[in-house]
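Engineer: According to the working numbering, the stretch in the sequence shown is residues 74 to 426, in order.
We treat Cβ as the ideally placed atom computed from N, Cα and C, and that holds for glycine.
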Amino acid sequence: MNPFGGRFDSFAAKMRAKKIDMALLCDACDIYALSGAKCDAGVLAVLPSVRAKSVLYTDFRYIPEVNRLCPWLATGDISRLSGKKPFAARGAVKKRIGFDPGISHARFLSFEKAFPGAEMVDVSADIASARAVKTAGEIEKIKAAAALNDKIWGRVERRFRAGMTERDMARLLRREMVEFGDGEAFPTIVCIGANAAECHHVPDDTVWDGKEPVLVDMGVTLGGYCSDMTRCIKPARASAAYRKVYNAVLEANRLAAAAAKPGVTGRELDAVARRYLSKAGFGRAFGHSLGHGVGLEVHEPPYASRKSDWILEPGMTVTIEPGVYLEGNLGVRIEDLAVITDDGCEILSHSEK
Ligand code: ZN
Ligand code: ZN
74 MNPFGGRFDS
84 FAAKMRAKKI
94 DMALLCDACD
104 IYALSGAKCD
114 AGVLAVLPSV
124 RAKSVLYTDF
134 RYIPEVNRLC
144 PWLATGDISR
154 LSGKKPFAAR
164 GAVKKRIGFD
174 PGISHARFLS
184 FEKAFPGAEM
194 VDVSADIASA
204 RAVKTAGEIE
214 KIKAAAALND
224 KIWGRVERRF
234 RAGMTERDMA
244 RLLRREMVEF
254 GDGEAFPTIV
264 CIGANAAECH
274 HVPDDTVWDG
284 KEPVLVDMGV
294 TLGGYCSDMT
304 RCIKPARASA
314 AYRKVYNAVL
324 EANRLAAAAA
334 KPGVTGRELD
344 AVARRYLSKA
354 GFGRAFGHSL
364 GHGVGLEVHE
374 PPYASRKSDW
384 ILEPGMTVTI
394 EPGVYLEGNL
404 GVRIEDLAVI
414 TDDGCEILSH
424 SEK
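1. Identify whether Tyr135 lies in helix, strand or coil by the three-state DSSP scheme.
2. Which of the three DSSP states is assigned to Met237 in this structure?
3. To the nearest angstrom, report how far apart Ala147 and Lys91 are at their CA atoms.
4. Locate the alpha helix (DSSP H) running through Ile225, then write down its first and last residues.
5. If you drop the 5 nearest sequence neighbours on each side, which residues of the same chain put their C-beta closer than 8 angstroms to that of Ser183?
6. With a threshold of 16 other CB atoms inside 10 Å of the CB of Pro144, please say whether the residue is buried or exposed.
7. Please state the DSSP three-state secondary structure of Ile200.
8. Quick one: give me the first and last residue of the beta strand (DSSP E) that Leu323 is part of.
9. Determine the DSSP secondary structure at Glu419, reduced to helix, strand or coil.
10. Using three-state DSSP, classify Ala101 as helix, strand or coil.
11. For the region 248-313, which segments carrying the beta strand (DSSP E) assignment without a break, of at least 3 residues, lie completely within its bounds, in sequence order?
12. Does the region 168-188 come close enough to the region 351-362 to have 3 or more Cβ pairs within less than 8 angstroms?
13. Any residue with its C-beta under 6 angstroms from a non-hydrogen atom of ligand 2 counts. Can you list them all in chain order?
14. Applying the 10 Å Cβ sphere with the 16-neighbour rule, what's the burial state of His178?
In structure tokens, the structure reads:
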């Protein structure tokens, strides 16, 4: 049975409403989110007609698994898609073909060729909104990944010692992520002292003197789903400047978390944190957006940014990660992962701030 059945049906209904004759999805996460089948090499042909069976084209390695997991889908050999009449067996003339953002240029051209004169319609927004609202089962998996993130951070943070490099610290975290989970959701970021002014600093051989602040941005993958969290180790005798920035970022994080609820747009949520940091004198030092959804991918819709029109709904995840970066001096980012509930949000990151 399709674990995301409702999502597949509502996506198909959307395609019907848009008069799409066939949506061809190539992105592995899009395919997984609609079918529950993981295949790196696949094309999911969604036939919106209620009578037609949709087809998952994949290769020999995945077909038995897809047959087992998705009896409600037909399977097809993906190599046939490079043939002369790839979709011949699917009958009727197709006038409007949907495609997702995972399509390669070569594949796009081959689809155009397979359906001469058909209109190619970008359905990225439809698949993104279908994925943005998580099912109860997905939320459980994301919660488990966030809980493991907390556990690993708790275990590793206390093992940081003066003399360790950023690389050493990242390695400790990575090891635990492999030991207890399915590895890193993205390359772990560890920044000692002024390196934290670089938002996506790559851990290097900078040595910790045990007194400088340390910023760690980490995410673990568990059961296919990601977590994402940033914490800063604030030294007992942090400079007054650091303390001021830290407290401002913490308050921006708190205000945004309190404002996250259904009906609020990504832009409005971003503005809550941005307004506060601007008033505190750090507006220009908060150069990135407030947050992003987390699920099968660590960065996915919805987005909470200055340009985002996403409207938050129950079941969406979003990170709340305001930051202030003063080049050559310091950087502070505090990131929590949240899931939108019926009347607010539940914060899934419980590590101490
Ligand atoms: Zn992060
Ligand atoms: Zn993030």
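Structural biologist: On the basis of the data shown:
1. coil
2. coil
3. 23 angstroms
4. Ala209 to Glu230
5. Leu154, Ser155 and Pro159
6. exposed
7. helix
8. Run containing Leu323: none in the beta strand (DSSP E); it sits in the alpha helix (DSSP H), Ala313 to Ala332.
9. strand
10. helix
11. 262-265, 287-291 and 302-306
12. no
13. Asp301, His365, Thr392, Glu394 and Glu408
14. exposed
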